[in-house]
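What follows is a short report on a single structure.
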Amino acid sequence: MSQPTVYRTSSAEETIAAGRRIAAGLRGPQLVLLIGDLGAGKTTLTKGIVSGLGAAAPEDVLSPTFALMHELGDDPKVYHLDLYRLDRLPELETLGLDDLWDEEAIVLIEWGEKFADRLPTPRLEIRLRELGDESREIEIIEVNA
Ligand SMILES: Nc1ncnc2c1ncn2[C@@H]1O[C@H](COP(=O)(O)OP(=O)(O)O)[C@@H](O)[C@H]1O
Ligand SMILES: [Mg+2]
Numbered sequence: 563m564s565q566p567t568v569y570r571t572s573s574a575e576e577t578i579a580a581g582r583r584i585a586a587g588l589r590g591p592q593l594v595l596l597i598g599d600l601g602a603g604k605t606t607l608t609k610g611i612v613s614g615l616g617a618a619a620p621e622d623v624l625s626p627t628f629a630l631m632h633e634l635g636d637d638p639k640v641y642h643l644d645l646y647r648l649d650r651l652p653e654l655e656t657l658g659l660d661d662l663w664d665e666e667a668i669v670l671i672e673w674g675e676k677f678a679d680r681l682p683t684p685r686l687e688i689r690l691r692e693l694g695d696e697s698r699e700i701e702i703i704e705v706n707a
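Quick look at the structure:
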């Protein structure tokens, strides 16, 4: 992928723009874990990735905390998950993630690191860190095993 491994942004808009650039290098099937504390910008970055993929407008990307999974777009298929409220492995299995790879989907998961050893590789892990009020560091790591 021809993109920097680390972005530094100083507003939510810049994080959305970074997400659009990340999207340009994505092709399904692809699992992406968004890792970082509450408020780090995981959902904001997802808005950029999803809009960059042409799957939905940024304002239509809402945190799927209660629904657990949102299906967005069709070509490519994009799924957005938030596992914050999911505590048990059997619940993860009911989501049917294994079937999504056959759809060549791009699967974006917030709080997926809770089940890191149950989610497949290769995958991208995007780590977001709050540096200040509006400044964020976004690090992209390719994990192969
Ligand atoms: N540089 C930035 N990048 C992303 N979000 C930012 C930035 N600066 C401020 N924010 C604000 O921080 C909050 C991030 O929230 P959100 O994306 O929902 O985080 P998470 O999904 O990680 O809990 C939003 O209110 C957003 O407007
Ligand atoms: Mg979120």
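Residues in the sequence shown are numbered from 563 upward in steps of one, following our numbering. The beta carbon of each residue, even a glycine, is placed where N, CA and C say it ideally should be. These numbers come from a predicted model, not from an experiment.
- [ ] State the start and end residues of the unbroken alpha helix (DSSP H) segment that holds residue 661.
- [x] The count along the sequence shown starts at 1 and reaches residue 661 at position 99. First-last of the alpha helix (DSSP H) with residue 661: 659-662.
- [ ] Using three-state DSSP, classify residue 594 as helix, strand or coil.
- [x] What you label residue 594 is simply residue 32 of the sequence shown in a count that begins at 1. DSSP places residue 594 in strand when its eight states are reduced to three.
- [ ] Could you check which residue in 606, 599, 596 and 598 has the C-alpha nearest to that of residue 577?
- [x] In the sequence shown, the residue the question calls residue 577 occupies position 15. When each option's Cα is compared against that of residue 577, the closest is 606.
Task: Neighbouring residues (CB closer than 6 Å to any heavy atom of ligand 2) - done: With the cut-off at 6 Å, the residues found are 604, 605, 625, 644 and 672.
Task: C-alpha distance - residue 665 paired with residue 639, whole-angstrom precision - done: Residue 665 sits at position 103 when you count from the first residue of the sequence shown. Residue 639 sits at position 77 when you count from the first residue of the sequence shown. Their Cα atoms are separated by approximately 7 Å.
Open item on the list: On the CB-based measure, 16 or more other CB atoms within 10 Å of its CB, does residue 672 come out buried or exposed?
Closed with: Looking up residue 672 in the sequence shown gives position 110. Buried: at least 16 other Cβ atoms inside 10 Å.
TODO: Pull up the distance between the alpha-carbon of residue 580 and that of residue 669, whole angstroms please.
DONE: Here the question's residue 580 lines up with position 18 in the sequence shown. Here the question's residue 669 lines up with position 107 in the sequence shown. Each residue's alpha carbon lies about 18 Å from the other.
TODO: Go ahead and pull the three-state DSSP assignment for residue 674.
DONE: Taking the sequence shown and counting its residues from 1, one reaches residue 674 at position 112. Residue state, collapsed to three classes: helix.
Task: Where residue 643 sits in the DSSP three-state scheme - done: If you number the sequence shown from 1, residue 643 lands on position 81. Residue 643 falls in the strand class under three-state DSSP.
Open item on the list: Just to confirm my understanding: we take residue 707, look at its own chain, exclude 5 residues before and 5 after, and list those with CB closer than 6 Å. What are they?
Closed with: Sequence index remark: in the sequence shown, residue 707 carries index 145 (1-based). Excluding residues within five positions, the ones whose Cβ falls inside 6 Å are 683.
Open item on the list: Taking the straight line between their C-alpha atoms, what separation do you get for residue 573 and residue 652?
Closed with: Residue numbering aside, residue 573 sits at position 11 when the sequence shown is read from its first letter. Residue numbering aside, residue 652 sits at position 90 when the sequence shown is read from its first letter. Cα to Cα, the separation comes out at about 38 Å.
Task: Proximal residues to residue 633 (C-beta, below 7 Å), its chain only, five neighbours per side dropped - done: For the purposes of this step, residue 633 is identified with residue 71 of the sequence shown, where counting begins at 1. Within the same chain, residue 633 has close Cβ partners 641.
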